[in-house]
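In the numbering used here, the protein residues as written are 1138 to 1283. Structure record follows, encoded as structure tokens.
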Ligand code: DQA
């Protein structure tokens, strides 16, 4: 069983990027905590980070052919702008869970809308780095991986 994890733009800067908003946890640390969950639940993770919308569309578009069972995604700023990523998710036929470190509803108004949430199975936000492990656990529960 394989799960695709996608980190969107600027998440490679976590740890130094706006720590008052996103905390001090780095992307490497987040990936390590995801790998620990994956090991416990005996699934394989493929983890990608991209600052490019088209690359994310391509990853999602290829996911079914590459036999992924689910996708965990933080679309970052593309959450609020990308019809292309939304359409790729709607078309991919795979369960997708959306995560955010921050609570987008308690921030600037332009962040309040997610174009992704309507096509995701569910969204977890506001728990900092823990949103990711909560999201992965929820995705694996949905896929009935014990
Ligand atoms: C984010 C929230 C987005 O609004 C922002 O553009 C990000 C990170 C989050 O995880 O809280 O880059 O997705």
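Even glycine gets a Cβ: it sits at the ideal position worked out from N, Cα and C.
Annotation: the continuous beta strand (DSSP E) that includes residue 1184 extends over 1181 to 1186.
For residue 1238, the shortest C-beta to heavy atom distance toward the ligand DQA is below 7 Å.
Proximity of the beta carbon of residue 1260 to the ligand DQA is not indicated: no heavy atom of the ligand is located closer than 7 Å.
Setting aside the 5 residues that flank it on each side, residue 1255 is surrounded in the same chain by 1223, each with a C-beta closer than 8 Å to its C-beta; the list follows chain order.
By the beta-carbon neighbour count (other beta carbons within 10 angstroms, threshold 16), residue 1245 is exposed. When Cβ pairs closer than 8 Å are counted between the two stretches, the region 1198 to 1205 is seen not to touch the region 1144 to 1163, the count staying below three. The beta carbon of residue 1243 is closer than 8 Å to those of 1263 in its chain, skipping five residues each way along the sequence. Nearest C-alpha to residue 1212 among 1227, 1166 and 1186: 1186.
Taking 8 Å as the cut-off, the beta carbon of residue 1233 is found closer than this to the beta carbon of residue 1226.
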